[in-house]
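Numbering (my numbering), first residue to last: 419 to 556. All C-beta atoms, glycine included, are put in the ideal place defined by N, C-alpha and C. A short write-up of the structure that comes next.
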(Lines of atoms letter the chains of each structure in order from A and count residues from 1; the text may use other names and numbers.)
(Lines give C-alpha, C1' and ligand atoms only; values in the text may rest on other atoms or scores of the structure.)
Protein backbone atom coordinates (compact mmCIF):
# COMPACT_ATOMS: atom_id res chain seq x y z
CA UNK A 1 0.00 0.00 0.00
CA UNK A 2 1.14 3.51 -0.68
CA UNK A 3 1.54 6.54 -0.69
CA UNK A 4 1.90 8.68 2.41
CA UNK A 5 -0.95 8.50 4.93
CA UNK A 6 -3.92 10.71 4.03
CA UNK A 7 -7.52 10.76 5.15
CA UNK A 8 -10.47 10.52 2.78
CA UNK A 9 -8.27 10.04 -0.24
CA UNK A 10 -8.79 7.15 -2.64
CA UNK A 11 -5.15 6.13 -2.30
CA UNK A 12 -4.79 6.48 1.46
CA UNK A 13 -3.18 3.36 2.94
CA UNK A 14 -6.25 2.70 5.06
CA UNK A 15 -8.62 2.85 2.09
CA UNK A 16 -6.29 0.70 -0.02
CA UNK A 17 -6.10 -1.95 2.68
CA UNK A 18 -9.86 -1.97 3.24
CA UNK A 19 -10.48 -2.20 -0.52
CA UNK A 20 -8.23 -5.25 -0.72
CA UNK A 21 -9.70 -6.85 2.43
CA UNK A 22 -13.25 -6.33 1.12
CA UNK A 23 -12.31 -7.95 -2.19
CA UNK A 24 -10.72 -10.93 -0.42
CA UNK A 25 -13.78 -11.43 1.77
CA UNK A 26 -16.14 -11.17 -1.22
CA UNK A 27 -14.07 -13.66 -3.22
CA UNK A 28 -13.56 -16.10 -0.33
CA UNK A 29 -9.83 -15.53 0.24
CA UNK A 30 -8.08 -15.33 3.59
CA UNK A 31 -5.69 -12.45 4.18
CA UNK A 32 -2.43 -13.94 5.47
CA UNK A 33 -0.38 -10.73 5.58
CA UNK A 34 -0.48 -7.08 4.59
CA UNK A 35 2.54 -5.39 3.05
CA UNK A 36 2.69 -1.66 3.72
CA UNK A 37 5.20 0.47 1.88
CA UNK A 38 4.21 3.79 3.38
CA UNK A 39 6.80 6.48 2.68
CA UNK A 40 8.62 4.22 0.19
CA UNK A 41 9.20 5.95 -3.11
CA UNK A 42 7.75 4.37 -6.24
CA UNK A 43 11.21 4.78 -7.71
CA UNK A 44 13.03 2.98 -4.91
CA UNK A 45 14.93 -0.04 -6.18
CA UNK A 46 14.22 -1.91 -2.93
CA UNK A 47 10.46 -1.31 -2.83
CA UNK A 48 9.64 -4.90 -3.82
CA UNK A 49 11.90 -6.43 -1.15
CA UNK A 50 9.15 -6.44 1.49
CA UNK A 51 6.70 -7.96 -0.99
CA UNK A 52 8.95 -10.84 -1.95
CA UNK A 53 9.94 -11.35 1.68
CA UNK A 54 6.25 -11.63 2.65
CA UNK A 55 5.64 -14.07 -0.21
CA UNK A 56 8.57 -16.21 0.90
CA UNK A 57 7.38 -16.19 4.52
CA UNK A 58 3.64 -16.73 3.93
CA UNK A 59 3.51 -18.51 0.52
CA UNK A 60 0.22 -16.97 -0.69
CA UNK A 61 -1.39 -17.97 -3.98
CA UNK A 62 -2.45 -14.42 -4.82
CA UNK A 63 -1.16 -10.92 -4.14
CA UNK A 64 -3.94 -8.31 -4.10
CA UNK A 65 -3.46 -4.60 -4.83
CA UNK A 66 -6.13 -1.92 -4.89
CA UNK A 67 -5.06 -0.87 -8.39
CA UNK A 68 -2.06 -1.20 -10.66
CA UNK A 69 -0.79 2.33 -10.02
CA UNK A 70 -0.26 1.30 -6.39
CA UNK A 71 1.77 -1.71 -7.54
CA UNK A 72 4.20 0.06 -9.83
CA UNK A 73 4.61 3.05 -12.06
CA UNK A 74 7.57 1.55 -13.84
CA UNK A 75 7.80 0.93 -17.55
CA UNK A 76 5.67 -1.98 -18.76
CA UNK A 77 8.77 -4.14 -19.27
CA UNK A 78 9.60 -3.86 -15.55
CA UNK A 79 5.97 -4.59 -14.60
CA UNK A 80 5.96 -7.78 -16.69
CA UNK A 81 9.35 -8.86 -15.28
CA UNK A 82 8.16 -8.48 -11.69
CA UNK A 83 4.84 -10.15 -12.50
CA UNK A 84 6.81 -13.07 -13.98
CA UNK A 85 8.84 -13.34 -10.75
CA UNK A 86 5.58 -13.63 -8.83
CA UNK A 87 4.26 -16.26 -11.21
CA UNK A 88 7.52 -18.21 -10.92
CA UNK A 89 6.71 -18.49 -7.20
CA UNK A 90 3.14 -19.58 -7.94
CA UNK A 91 1.60 -16.23 -6.99
CA UNK A 92 -0.98 -14.43 -9.12
CA UNK A 93 -1.27 -10.65 -9.07
CA UNK A 94 -4.84 -9.40 -8.57
CA UNK A 95 -5.91 -5.78 -8.95
CA UNK A 96 -9.26 -4.88 -7.42
CA UNK A 97 -9.71 -1.88 -9.74
CA UNK A 98 -8.65 -3.82 -12.85
CA UNK A 99 -10.56 -7.12 -12.71
CA UNK A 100 -9.56 -7.90 -16.31
CA UNK A 101 -5.93 -8.28 -15.23
CA UNK A 102 -4.70 -11.81 -15.92
CA UNK A 103 -8.16 -13.30 -16.42
CA UNK A 104 -7.46 -14.75 -19.84
CA UNK A 105 -9.68 -12.28 -21.67
CA UNK A 106 -8.77 -11.44 -25.26
CA UNK A 107 -6.40 -8.48 -25.36
CA UNK A 108 -5.98 -8.58 -21.57
CA UNK A 109 -2.19 -8.26 -21.81
CA UNK A 110 -2.55 -5.40 -24.30
CA UNK A 111 -4.93 -3.52 -22.00
CA UNK A 112 -2.68 -4.19 -19.02
CA UNK A 113 0.35 -2.87 -20.88
CA UNK A 114 -1.56 0.27 -21.88
CA UNK A 115 -2.66 0.92 -18.28
CA UNK A 116 0.84 0.31 -16.93
CA UNK A 117 2.30 2.64 -19.58
CA UNK A 118 -0.24 5.29 -18.55
CA UNK A 119 0.83 4.90 -14.92
CA UNK A 120 4.47 5.23 -15.97
CA UNK A 121 3.72 8.40 -17.97
CA UNK A 122 1.85 9.85 -14.98
CA UNK A 123 4.93 9.19 -12.83
CA UNK A 124 7.12 10.98 -15.38
CA UNK A 125 4.80 14.01 -15.34
CA UNK A 126 4.77 14.10 -11.53
CA UNK A 127 8.56 13.77 -11.45
CA UNK A 128 8.94 16.69 -13.86
CA UNK A 129 6.54 18.87 -11.84
CA UNK A 130 8.34 18.04 -8.61
CA UNK A 131 11.73 18.83 -10.14
CA UNK A 132 10.43 22.13 -11.51
CA UNK A 133 9.00 23.04 -8.12
CA UNK A 134 12.28 22.25 -6.36
CA UNK A 135 14.26 24.31 -8.90
CA UNK A 136 11.82 27.20 -8.50
CA UNK A 137 12.12 27.07 -4.70
CA UNK A 138 15.90 27.35 -4.90
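Contact between the region 464 to 476 and the region 531 to 545 is absent: fewer than three C-beta pairs spanning the two stretches fall below 8 Å. Cα atoms of residue 483 and residue 448: separation of roughly 14 Å, rounded to the nearest angstrom. In the DSSP assignment, residue 549 falls within the alpha helix (DSSP H) that extends over 526 to 555. Under DSSP, the beta-bridge partners assigned to residue 512 are 482. Residue range 494 to 506 is occupied by the alpha helix (DSSP H) that includes residue 496.
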